[in-house]
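Numbered as in full-length UniProt numbering, the sequence shown ends at 449 without a single skipped number.
Glycine included, each C-beta is placed from N, C-alpha and C at the ideal position.
Here is the structure we will look at.
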Amino acid sequence: LGVYYAMGVQKEERFSKGGFILSAIASAVGLGNIWKFPYITGEHGGAAFFLLFIICLLLVGLPLLLAELAIGRSSRASAASSFTKLGGGGRSWRIAGLLQVLTPFLILCFYVVVVGWTFHYAVLAFSGSLQAGTDFGGVFKQFIGGYMPIVWQAISMMLIGWIVVKGVSGGIERFNKILIPTMAVLLLLLMIRSVTLPGAGEGISFFLKPDFSQLTPESALVALGHAFFSLSLGMGILLTYGAYVDRRQSLGPAALAIGAGDLIYALIAGLIIFPTIFSFGIAPNEGPSLVFIALPAAFSVMPLGTLFGGLFFVLLAIAALTSAVSILEVPVAFAKEQWGWSRTKAVWTIAGISFLCGIPLAVSLGMRPDLGFLGKSLFDWIDFLTSNILLPVSGLIVTIFAGYYWKQAGEAAGLSARWFRIWLFMLRYIIPILMLLVLLHTSGILKL
Ligand code: PHE
2 LGVYYAMGVQ KEERFSKGGF ILSAIASAVG LGNIWKFPYI TGEHGGAAFF LLFIICLLLV
62 GLPLLLAELA IGRSSRASAA SSFTKLGGGG RSWRIAGLLQ VLTPFLILCF YVVVVGWTFH
122 YAVLAFSGSL QAGTDFGGVF KQFIGGYMPI VWQAISMMLI GWIVVKGVSG GIERFNKILI
182 PTMAVLLLLL MIRSVTLPGA GEGISFFLKP DFSQLTPESA LVALGHAFFS LSLGMGILLT
242 YGAYVDRRQS LGPAALAIGA GDLIYALIAG LIIFPTIFSF GIAPNEGPSL VFIALPAAFS
302 VMPLGTLFGG LFFVLLAIAA LTSAVSILEV PVAFAKEQWG WSRTKAVWTI AGISFLCGIP
362 LAVSLGMRPD LGFLGKSLFD WIDFLTSNIL LPVSGLIVTI FAGYYWKQAG EAAGLSARWF
422 RIWLFMLRYI IPILMLLVLL HTSGILKL
């Protein structure tokens with residue numbers, strides 16, 4: 002073995018079976034579950050929207066998840082070259098592959114800024130100084146208007162790099178095996194706290210008792226887009242992780258387990274947030290500021306609010322951190338394959354560049370509003386470009402590749418004949434149309 006390494010042959014990086022599922026769940030459970038899911042559910046009337054989200058997870062999310070994993074495992078290549086390696090000839094599949102690396106790189110730039118916010122809030126909340134205030138909107142504005150977000154962004158990036166540099170099994174898998182159960186414990190503790198608050202029942206029924214009159218066609222597209230984002234689809238992540246999966250692992254059950262994991266974490270996050278805000282008389286439809294402004298208000302008056310507020314923001318920080326880890330791995334795998342870089346060189350170069358690119362995004366929300374245009378900050382533009390345009394486009398590419406171009410999709414996915422027919426039908430006829438609708442809606446062309 003020593004000679005083998007000495008010859009410069011790298012040991013292939015692989016997940017263990019359980020480690021793979023945990024790591025995919027760790028990628029899926031992120032700010033999407035704990036920050037975005039509750040507020041869009043709040044805006045679209047609660048439980049009916051939640052049901053819609055589950056349907057979208059099953060019908061669109063899982064088939065695409067399976068497609069990405071199967072493509073990744075069969076190609077054993079980075080997200081950029083998996084299509085060409087499996088027979089997608091010509092320049093267009095090459096470009097389609099490069100998009101699977103460019104998109105996650107751009108997301109990394111702004112996501113790490115938000116990871117930094119969660120760390121800052123975890124410290125503020127644990128010290129009790131967050132809960133001591135009254136003007137929570139002001140605190141948030143003042144924070145993102147200063148230099149501190151850049152400091153936290155740097156710290157977060159170093160932490161993410163430190164995990165990824167240790168490799169697939171020695172870093173990503175090892176940390177997720179600790180962090181996923183930690184998140185579960187934190188979620189359960191916080192859930193017990195919130196459902197036992199006085200008046201919590203109203204929040205629980207808002208979240209779990211469906212009122213279909215609140216649903217609009219727009220809700221359906223928002224639910225679909227979110228199911229897609231929440232499973233980390235279209236970001237090259239599952240293509241990349243797929244390449245590290247053992248040949249004998251069954252992908253169908255793995256996809257189900259990942260979907261279930263993502264859903265359970267979203268469900269519990271809802272059971273924390275809605276009872277809490279209803280109990281303190283806060284409106285559920287406050288939008289993106291829900292977690293950073295409305296919740297601190299609740300923690301400031303809740304008994305033991307310093308402890309529970311602290312735990313909540315630690316939970317949010319872990320969720321964000323483990324997702325960021327998965328997205329950094331995508332360009333890292335690409336750089337290793339394409340340029341023959343060592344993991345260390347790839348991680349620190351990409352982390353460094355992405356940190357630098359993230360700085361203008363971070364300050365565009367505060368000190369430098371002039372960095373925006375057409376009424377949106379630079380941060381919001383990159384978020385819009387990636388989440389609303391590039392992700393649905395990537396999803397379309399994956400479904401078209403697996404549904405129409407890739408002849409070995411059946412064997413690669415390892416489904417029974419009946420499930421394979423259903424899967425292929427979804428990939429060919431249903432998902433492309435739905436993804437196109439999502440794209441037209443999120444890009445602002447289709448107004449509902
Ligand atoms: N599913 C992740 C989330 O909910 C999506 C994501 C992964 C976003 C990695 C960014 C980075 O947050």
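Distance cut-off 7 angstroms: F176 Cβ against heavy atoms of ligand 1: The sequence position of residue 176 within the sequence shown is 175, counting from 1. Outside the cutoff, so no.
Assigned exposure category for A418 - 16 Cβ within 10 Å defines buried: For the purposes of this step, residue 418 is taken as residue 417 along the sequence shown, with counting starting at 1. When all chains shown are included, A418 counts as exposed.
Nonlocal neighbours in the same chain, by C-beta distance under 8 angstroms from L397, ignoring five residues either side: Residue numbering aside, residue 397 sits at position 396 when the sequence shown is read from its first letter. Same-chain partners within the cutoff: P433, M436, L437 and L440.
Bridge-paired residues (DSSP) for F374: Taking the sequence shown and counting its residues from 1, the one referred to as residue 374 is at position 373. In DSSP, F374 forms a bridge with K377.
Coarse secondary structure for residue 464, derived from DSSP in three states: Missing from the structure shown is residue 464; the chain here goes from 2 to 449 and no further.
Limits of the alpha helix (DSSP H) - the one that M158 falls within: Here residue 158 refers to the residue found at position 157 of the sequence shown. Segment M149 to V165, the alpha helix (DSSP H) holding M158.
Where the alpha helix (DSSP H) through D263 begins and ends: Looking up residue 263 in the sequence shown gives position 262. Per DSSP, D263 belongs to the alpha helix (DSSP H) from L252 to S280.
Sub-8 angstroms separation of N34 and Y242 beta-carbons: On the sequence shown, residue 34 is found 33 positions in, with the first residue counted as 1. On the sequence shown, residue 242 is found 241 positions in, with the first residue counted as 1. No, these two residues do not count as a Cβ contact at 8 angstroms.
Backbone CA spacing between S17 and G73 [nearest angstrom]: Mapped onto the sequence shown, residue 17 falls at position 16. Mapped onto the sequence shown, residue 73 falls at position 72. Spanning the two alpha carbons is a distance of roughly 16 angstroms.
Residues near G20 in its chain [Cβ-Cβ closer than 6 angstroms; skip 5 each side]: Position 19 of the sequence shown, counted from the start, is the residue given in the question as residue 20. Excluding sequence neighbours, G20 sits near E174.
Within 8 angstroms, strictly: CB atoms of P393 and T350: For the purposes of this step, residue 393 is taken as residue 392 along the sequence shown, with counting starting at 1. For the purposes of this step, residue 350 is taken as residue 349 along the sequence shown, with counting starting at 1. Cβ atoms of P393 and T350: not closer than 8 angstroms.
Buried versus exposed call for A48 [16 or more other C-beta atoms within 10 Å across all chains shown]: Indexing the sequence shown from 1 puts residue 48 at position 47. Label assigned to A48: buried.
Proximity below 8 angstroms, CB of V102 to CB of V331: Along the sequence shown, read from residue 1 onward, the residue named residue 102 stands at position 101. Along the sequence shown, read from residue 1 onward, the residue named residue 331 stands at position 330. For V102 and V331, yes; Cβs fall inside 8 angstroms.
Outcome for S128 when other beta-carbon atoms lying within 10 angstroms are tallied against a minimum of 16: On the sequence shown, residue 128 is found 127 positions in, with the first residue counted as 1. Counting Cβ neighbours within 10 Å, S128 comes out exposed, since fewer than 16 surround it.
Heavy atom of ligand 1 within 7 angstroms of G33 beta-carbon: As a working note, residue 33 is residue 32 in the sequence shown. True, at least one ligand heavy atom lies under 7 angstroms from that Cβ.
Local conformation of Q409 per DSSP, three classes: Position 408 of the sequence shown, counted from the first residue, corresponds to residue 409. Here Q409 sits in coil by DSSP.
Residues near R429 by beta carbon distance below 7 angstroms, same chain, minus five either side: In the sequence shown, counting from the first residue as 1, residue 429 sits at position 428. The answer, listed in chain order, is G404 and Y405.
Distance, G117 Cα to I156 Cα: On the sequence shown, residue 156 is found 155 positions in, with the first residue counted as 1. On the sequence shown, residue 117 is found 116 positions in, with the first residue counted as 1. Going by the C-alpha atoms only, they are around 7 angstroms apart.
Distance cut-off 7 angstroms: I383 Cβ against heavy atoms of ligand 1: For this step, residue 383 is matched to residue 382 along the sequence shown. For ligand 1, not one heavy atom lies less than 7 angstroms from the Cβ of I383.
Beta-carbon gap between L87 and S195 smaller than 8 angstroms: For this step, residue 87 is matched to residue 86 along the sequence shown. For this step, residue 195 is matched to residue 194 along the sequence shown. Against a cut-off of 8 angstroms, the Cβ pair of S195 and L87 comes out as no contact.
First and last residue of the uninterrupted alpha helix (DSSP H) at T197: Residue 197 sits at position 196 when you count from the first residue of the sequence shown. Careful: T197 lies outside any alpha helix (DSSP H) and carries neither H nor E.
Three or more C-beta pairs below 8 angstroms linking the segment 39-58 and the segment 334-342: no
R429 in three-state terms, based on DSSP: Position 428 of the sequence shown holds residue 429. Residue state, collapsed to three classes: helix.
Buried or exposed (CB count within 10 angstroms, at least 16 for buried), M159: By one-based count along the sequence shown, residue 159 stands at place 158. Exposed: under 16 other Cβ atoms inside 10 Å.
Start and end residues, alpha helix (DSSP H) containing Y122: Along the sequence shown, one-based indexing puts residue 122 at 121. Its alpha helix (DSSP H) spans residues G91 to S128.
Inter-residue Cα distance where the pair is L188 and F314: Translated into the one-based positions of the sequence shown, residue 188 becomes position 187. Translated into the one-based positions of the sequence shown, residue 314 becomes position 313. Their backbone Cα atoms lie some 11 angstroms apart in a straight line.
Reduced DSSP secondary structure (H/G/I, E/B, other) of V342: Residue 342 sits at position 341 when you count from the first residue of the sequence shown. Before going on, a small fix: residue 342 reads as Trp here, not Val. Of the three classes helix, strand and coil, the one that applies to W342 here is coil, per DSSP.
The alpha helix (DSSP H) enclosing V394, as first and last residue numbers: As a working mapping, residue 394 is identified with position 393 in the sequence shown. Here the alpha helix (DSSP H) through V394 covers L392 to I401.
Own chain, CB closer than 7 angstroms to E69, minus 5 neighbours either side, in chain order: Position 68 of the sequence shown, counted from the start, is the residue given in the question as residue 69. Cβ within range, chain order: L234, L239, L240, G243 and V399.
Candidates T85, L59, F356 and A414: closest to G251 by CA position: The sequence position of residue 251 within the sequence shown is 250, counting from 1. In the sequence under discussion, the amino acid at residue 251 is Ser, which differs from the Gly named in the question. It is A414 whose Cα lies nearest to the Cα of S251.
Distance cut-off 7 angstroms: I328 Cβ against heavy atoms of ligand 1: The residue labelled residue 328 in the question sits at position 327 within the sequence shown. Correct: I328 has its Cβ closer than 7 angstroms to ligand 1.
Beta carbon proximity, L58 to chain B, threshold 8 angstroms: The structure shown contains no chain B, having only a single protein chain.
Residue range of the unbroken alpha helix (DSSP H) whose run includes S76: Here residue 76 corresponds to residue number 75 of the sequence shown, with the count starting at 1. It spans L63 to S76 - the alpha helix (DSSP H) in which S76 sits, taken as one unbroken run.
C-beta atoms of T85 and L391 nearer than 8 angstroms: Sequence index remark: in the sequence shown, residue 85 carries index 84 (1-based). Sequence index remark: in the sequence shown, residue 391 carries index 390 (1-based). No, the pair does not count as a contact, with Cβ atoms beyond the cut-off.
Touch test, the segment 294-311 against the segment 275-285, Cβ-Cβ under 8 angstroms, three pairs minimum: yes
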